[in-house]
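Okay, so here's the structure we're looking at.
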Amino acid sequence: MLEVTNLTKTFRSGGGTIAAVDAVSFRVDEGQFASIIGRSGSGKSTLLALLGALDTASDGHIMIDGKDITTMHDHELIDYRCKRIGFVFQNYNLVPNLTALENVLLPMEFAKLKRSERLARARKLLDQVGISGDKQQRKPGKMSGGEQQRVSIARALANEPKLVLADEPTGNLDSENGKMIFDLLHGLARSENTTIIVVTHDLEIAGRTDKTFKLLDGKLQNK
Ligand SMILES: Nc1ncnc2c1ncn2[C@@H]1O[C@H](COP(=O)(O)OP(=O)(O)O)[C@@H](O)[C@H]1O
Ligand SMILES: [Mg+2]
């Protein structure tokens, strides 16, 4: 479902340029759970941002279900990001003055669903990630890190994305909560046939995914 060819992203730095992502090629099949590892500064976040069309490539191609997102026009990209991709970030990135329920409803604003259907879906997603009852009315500041990350996963799933991209989703969590988030993502890949790509420092987590890609100075390593 995802095929990356010769993907390159260069940044200007001082007098020269650096290739944060350097001629990377790989593929991930539908429903696969893949991990990206590599030390800090190796290009993991840059690669994920390219896959999610949050940033534009300097060179190369990203084919998703037969469509090349590197050649899409802006309005197509907005549609792609909104409907096909779910993002999960290390810092959760929830809107602080909205409740858990409202955070999950937010990406559904533009979906062609009635208000009552959106509400039912948001509640169901939150139930599925273990945020039930009164907790759904809580604002992020009143939730633990693990709970906030579960809300952010529910939000990422709001529009039934085919591809979920997670940048160090367990990086701020203790190992127990980290394992819970990992199991949640893993279950999702299995039950919904969602393709998941997770960036992680945790080699134990990486070891349990279907496929692992290792980056070093922007280049993919054979491992
Ligand atoms: N917007 C930017 N401008 C300039 N350099 C950047 C930018 N974003 C990332 N970089 C550089 O690209 C390299 C890879 O960064 P990043 O993708 O954040 O690595 P990782 O997520 O693996 O820690 C680093 O050397 C970083 O300094
Ligand atoms: Mg990073």
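Everything in the sequence shown is counted per my numbering, starting at 1431 for the first residue and increasing by one.
Glycine residues also receive a C-beta, built at the ideal position from the N, C-alpha and C atoms.
Collapsing the DSSP output to three states places Leu1528 in coil. By the C-beta criterion, the stretch 1567-1583 is judged to be in contact with the stretch 1518-1533, since at least 3 inter-stretch pairs fall below 8 Å.
The alpha helix (DSSP H) runs lying completely inside the stretch 1486-1545 and spanning 4 residues or more are 1504-1514 and 1530-1535, given in chain order. At a Cβ-Cβ threshold of 8 Å, Ile1611 and Gln1579 count as neighbours. Setting aside the 5 residues that flank it on each side, Leu1477 is surrounded in the same chain by Val1451, each with a C-beta closer than 6 Å to its C-beta; the list follows chain order. In the same chain as Val1559, and ignoring 5 residues on each side of it, the C-beta atoms closer than 8 Å to its own belong to Arg1580, Val1581, Ile1583, Ala1584 and Leu1614, in chain order. Sequence-distant partners of Ala1552 (beyond 5 residues in either direction) whose C-beta falls short of 6 Å from its own C-beta, in its chain, are Leu1531, Val1534 and Leu1535. In this structure Arg1514 does not touch Pro1599 by the C-beta definition: roughly 19 Å separates them, more than the 8 Å allowed. A distance criterion of 7 Å places the beta-carbon of Ile1448 in contact range of ligand 1, judged by its closest non-hydrogen atom.
A direct Cα-to-Cα measurement between Met1493 and Ile1626 gives close to 16 Å. In this model, Asn1623 and Gln1462 are separated by some 8 Å (Cα to Cα). According to DSSP, residue pairing for Val1451 in a beta bridge involves Lys1439.
Annotation for Val1628: Ser1465 and Ala1596 place their beta carbon closer than 6 Å to its own, counting only its chain and skipping 5 residues before and after. Counting only runs of 4+ residues, the alpha helix (DSSP H) found wholly inside the stretch 1556-1601 occupies 1575-1586, in chain order.
In terms of Cα proximity to Gly1608, the closest of Ala1588, Gly1617 and Asp1632 is Asp1632. A residue is called buried when at least 16 other Cβ atoms come within 10 angstroms of its Cβ; Gly1482 meets this threshold and is buried.
For Leu1645, the enclosing beta strand (DSSP E) begins and ends at Lys1641 to Leu1646.
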